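*Asks:* My questions will all concern the structure given below.
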Amino acid sequence: MAEVSYYTKEGLEKLKEELQRLKTTGRSDISKQIAEARDKGDLSENAEYDAAKEAQGLHEAKIAQMSETLANARLLDESKLDVSKVLALSIVKIKNLKNGATMSYQLVSESEADMKTGKISVTSPIAKGLLGKKVGETIEITVPAGKIEFEILEVSR
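Residue numbers (the numbering used here): 73 to 229.
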């Protein structure tokens, strides 16, 4: 049984759009590649045809995986979430007590994670250490570089 994943409204829409794109334009592009390769002659010695058929199989596997992810996706109603502690979809401002640096992260599902936009996966070491904690708490989180102490400065949605 697949794991349930929680998404923001925009993340869930992106997932649906990507799946739709794969099912429509993605499938038609692969069909064209197969047709072009088939037109090139003997299929028993046609590497292009074999490659196109393999690409089709991988594409269909990706569609199946995304369909399963979407079937197990749940939309979180951010207005009903408790802002007194860190939960999935929380925006958390933390301070590294060793160097004084402050960072702000939003805890999102694994497929929505994007460090460039400050979105980290709830399964990451930092997010796991933050979940359930409250403003003002000091926590020690084990990351690949060692143990780091953080103070939670702010929790919002």
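We put the beta carbon where it would ideally sit given N, CA and C, even for glycine. The structure presented is a predicted model; accordingly, all values stated were derived computationally and were not measured.
If you count every other CB in all the chains shown that lies within 10 Å of the CB of Leu87, and 16 or more means buried, which is it?
*Replies:* Answer is buried; the Cβ neighbour count reaches 16.
*Asks:* Which two residues bound the contiguous beta strand (DSSP E) that contains Arg146?
*Replies:* Run containing Arg146: Ala145 to Leu147, per the beta strand (DSSP E) assignment.
*Asks:* Quick check: the Cα distance between Asp111 and Ala124, rounded to an integer number of angstroms?
*Replies:* Their backbone Cα atoms lie some 13 Å apart in a straight line.
*Asks:* By a C-beta neighbour count over all protein chains shown, 10 Å radius and 16 as the cutoff for buried, is Leu202 buried or exposed?
*Replies:* Buried, because 16 or more other Cβ atoms sit within 10 Å of the Cβ of Leu202.
*Asks:* Would you say Leu179 and Val155 are within 8 Å of each other, going by their C-beta atoms?
*Replies:* No.
*Asks:* Rounding to the nearest angstrom, what Cα-Cα distance links Arg99 and His131 in this structure?
*Replies:* Straight-line Cα distance between these residues: approximately 8 Å.
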